[in-house]
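Using the UniProt record's numbering, the first residue of the sequence shown is number 1, and each one after it goes up by one. Backbone N, C-alpha and C fix where the C-beta goes; we use that ideal spot for every residue, glycine too. Here the structure is laid out as structure tokens; the discussion comes afterwards.
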Amino acid sequence: MRLHCFIQSSQSSHSGLPLQVLGAPKIGKPCRLQRSWGHLQVLSCATAARELQCRVVRRRSDVSKVSKAKARNYRRQNDVVDSIDYKSNKISVHAVGKKGLGVIATSSIKCGDLLLEEAPLLIFQKQSFDVLFGDLQDVLVDDTSFDHWEESLTETLQSKCDEEVRAQFWDLADTCCAKDKTALGIARTNAIGLSDESAGLFLLLSRFNHSCKPNVHNSWQEDRGVQVLKATRDISEGEELCISYLSFLNLCAPTRERLGELSDRFGFDCLCEACSRVQSESDWRRERLSQLCEAFSRDEASQMRGPNEAKRDGLEDFVESMNMRDGLRETTDLIEQEFAGNPAALSLIFFGAFRRAAGVGRKSAAKSLAKAAWKATVASEGSSWRAELLKTLASDGKP
Ligand SMILES: C[S@@+](CC[C@H](N)C(=O)[O-])C[C@H]1O[C@@H](n2cnc3c(N)ncnc32)[C@H](O)[C@@H]1O
Numbered sequence: 001m002r003l004h005c006f007i008q009s010s011q012s013s014h015s016g017l018p019l020q021v022l023g024a025p026k027i028g029k030p031c032r033l034q035r036s037w038g039h040l041q042v043l044s045c046a047t048a049a050r051e052l053q054c055r056v057v058r059r060r061s062d063v064s065k066v067s068k069a070k071a072r073n074y075r076r077q078n079d080v081v082d083s084i085d086y087k088s089n090k091i092s093v094h095a096v097g098k099k100g101l102g103v104i105a106t107s108s109i110k111c112g113d114l115l116l117e118e119a120p121l122l123i124f125q126k127q128s129f130d131v132l133f134g135d136l137q138d139v140l141v142d143d144t145s146f147d148h149w150e151e152s153l154t155e156t157l158q159s160k161c162d163e164e165v166r167a168q169f170w171d172l173a174d175t176c177c178a179k180d181k182t183a184l185g186i187a188r189t190n191a192i193g194l195s196d197e198s199a200g201l202f203l204l205l206s207r208f209n210h211s212c213k214p215n216v217h218n219s220w221q222e223d224r225g226v227q228v229l230k231a232t233r234d235i236s237e238g239e240e241l242c243i244s245y246l247s248f249l250n251l252c253a254p255t256r257e258r259l260g261e262l263s264d265r266f267g268f269d270c271l272c273e274a275c276s277r278v279q280s281e282s283d284w285r286r287e288r289l290s291q292l293c294e295a296f297s298r299d300e301a302s303q304m305r306g307p308n309e310a311k312r313d314g315l316e317d318f319v320e321s322m323n324m325r326d327g328l329r330e331t332t333d334l335i336e337q338e339f340a341g342n343p344a345a346l347s348l349i350f351f352g353a354f355r356r357a358a359g360v361g362r363k364s365a366a367k368s369l370a371k372a373a374w375k376a377t378v379a380s381e382g383s384s385w386r387a388e389l390l391k392t393l394a395s396d397g398k399p
């Protein structure tokens, strides 16, 4: 058995759907797949390249710490790509108490500042999702299985990474194994879903802890093969920078549910600010937010029907009765209070509202909502292909 993974970085041509854009990639277990063990096949890096037709590129250590001329030279000699590009020198990794290590702002950061672009060290294929994201008990069910996976991953790291990168990998947290660290434990603790088809492991992104009130948004930009991290609000020097391991909708669940989800899926008791404070008001606001989000995104299929069909279905009535303008105002106020105006959350809401408006033929409203979604997307992830798509929608108002 070999693990379906390979060393980054190959660029993929897969472009995804507009909706994916607006949902944050999750760390940990995006889904619990019920596939049998027999179905899984682990591939070493070289085999993966042959059988999965992916490009294997040797990875070097972080060039941002090397002089530019040296880095260029290194690139030419080794045919490697930049792995971590610190777009800001305002972040560094520190101990953050019970959470282990975390990322801290070393000076003040503005909302929308680009913090980091990082390519994955490892990319895992969908066939590895059970092992990476499934129940640990299932992975341990057969004594030999774990060893096989472990051997395969270790072998890949040994043959494809230089010593410094290997050391960085082995330094990452492993919250799966009680005793010694294992490569698979590290992968399970840090791998992040990129799409329905792949997951990745990133050396620096792995140091970002979770918060139910995140101040950083990470987006996977598949066309460029990098995770882009941007600040979602102003951040003071010394504050911890946190992303969300949960989708926005899951973040809107009441505290008890969020704690349960984080414990079940990621195996930790959340110590974030939102989970530690008095919760009743916040829970109420999040519950209301999830109702509003649901209203904006309900019945995707009918939104794609023409205005006449929408009228027949009563969808137009629904939009009218909800009073889109008031609904949006309430939603943005709640996002301000609960998430400090997080532009990634706003982009999701505006996109939902755009599709609703477009679905019932309200062209001018649709255009301005697409424009608002475009602006929020640029603020949360920069000039991605998704932002470009929204820009186009803003000019023609059609979904
Ligand atoms: C991807 S790692 C994050 C970096 C890690 N703290 C380290 O030391 O490298 C995920 C692990 O960090 C810890 N963690 C992340 N967010 C947390 C939170 N909000 N509360 C408690 N522990 C957290 C958990 O142990 C989790 O399994």
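Item to complete: With a floor of 4 residues, list each alpha helix (DSSP H) that falls wholly inside the stretch 199 to 270, ordered by position along the chain.
Response: Given a length threshold of 4 residues, each whole run of the alpha helix (DSSP H) inside the stretch 199 to 270 is given here in chain order: 248 to 251 and 255 to 266.
Worksheet item: Can you tell me the Cα-Cα spacing of residue 383 and residue 366, whole angstroms?
Response: 21 Å
Item to complete: Give the straight-line distance between the Cα atoms of residue 188 and residue 288, rounded to the nearest whole angstrom.
Response: Pairing residue 188 with residue 288, the inter-Cα distance amounts to about 34 Å.
Worksheet item: Do residue 173 and ligand 1 come close, with the Cβ less than 7 Å from some heavy atom?
Response: yes
Discussion item. Check whether the stretch 178 to 198 and the stretch 125 to 134 are in contact - that is, three or more C-beta pairs closer than 8 Å.
Written reply: yes
Discussion item. Please identify the residue among 88, 385, 142 and 201 whose C-alpha is closest to the C-alpha of residue 170.
Written reply: Nearest C-alpha to residue 170: 201.
Discussion item. Considering only their Cβ atoms, is the gap separating residue 373 from residue 339 smaller than 8 Å?
Written reply: no
Item to complete: Ignore the nearest five residues each way along the sequence and tell me which others in residue 203's own chain have a CB closer than 6 Å to its CB.
Response: 121 and 168
Fill in: Per DSSP, the bridge partner or partners of residue 184
DSSP output for residue 184 lists no bridge partner at all.
Practice prompt. Pick helix, strand or coil for residue 161, following the three-state DSSP scheme.
Written response: Under the three-state reduction of DSSP, residue 161 is assigned to strand.
Worksheet entry | CB of residue 229 within 8 Å of CB of residue 116, strictly | yes
Practice prompt. List the endpoints of the continuous beta strand (DSSP E) containing residue 139.
Written response: Careful: residue 139 lies outside any beta strand (DSSP E), inside the alpha helix (DSSP H) at 136 to 139.
Worksheet item: With 16 as the cutoff for other CB atoms within 10 Å, does residue 265 come out buried or exposed?
Response: buried
Discussion item. Using CA atoms only, rank isn't needed, just tell me which of 248, 211, 240 and 241 is closest to residue 286.
Written reply: 248
Worksheet item: Roughly how many angstroms separate the alpha carbons of residue 102 and residue 358, rounded to a whole number?
Response: The alpha-carbon atoms of residue 102 and residue 358 are separated by roughly 42 Å.
Worksheet item: Hey, out of 293, 86, 210 and 267, whose CA is closest to residue 415's CA?
Response: Outside the shown range of the chain, which is 1 to 399, sits residue 415, and nothing can be said about it.
Worksheet entry | Span separating the alpha-carbon of residue 254 from that of residue 281 | 10 Å
Worksheet item: Hey, is residue 185's beta-carbon within less than 8 Å of any beta-carbon in chain B?
Response: Note that chain B does not occur in the displayed structure, where there is just one protein chain.
Discussion item. In whole angstroms, give me the CA-to-CA distance for residue 270 and residue 220.
Written reply: 24 Å
Item to complete: Return helix, strand or coil for residue 287, following the three-state DSSP convention.
Response: helix
Discussion item. Let me check understanding here. Comparing Cα to Cα, which of 181, 207, 212 and 222 lies closest to residue 199?
Written reply: 222
Fill in: Residues bridged to residue 93 (per DSSP)
103
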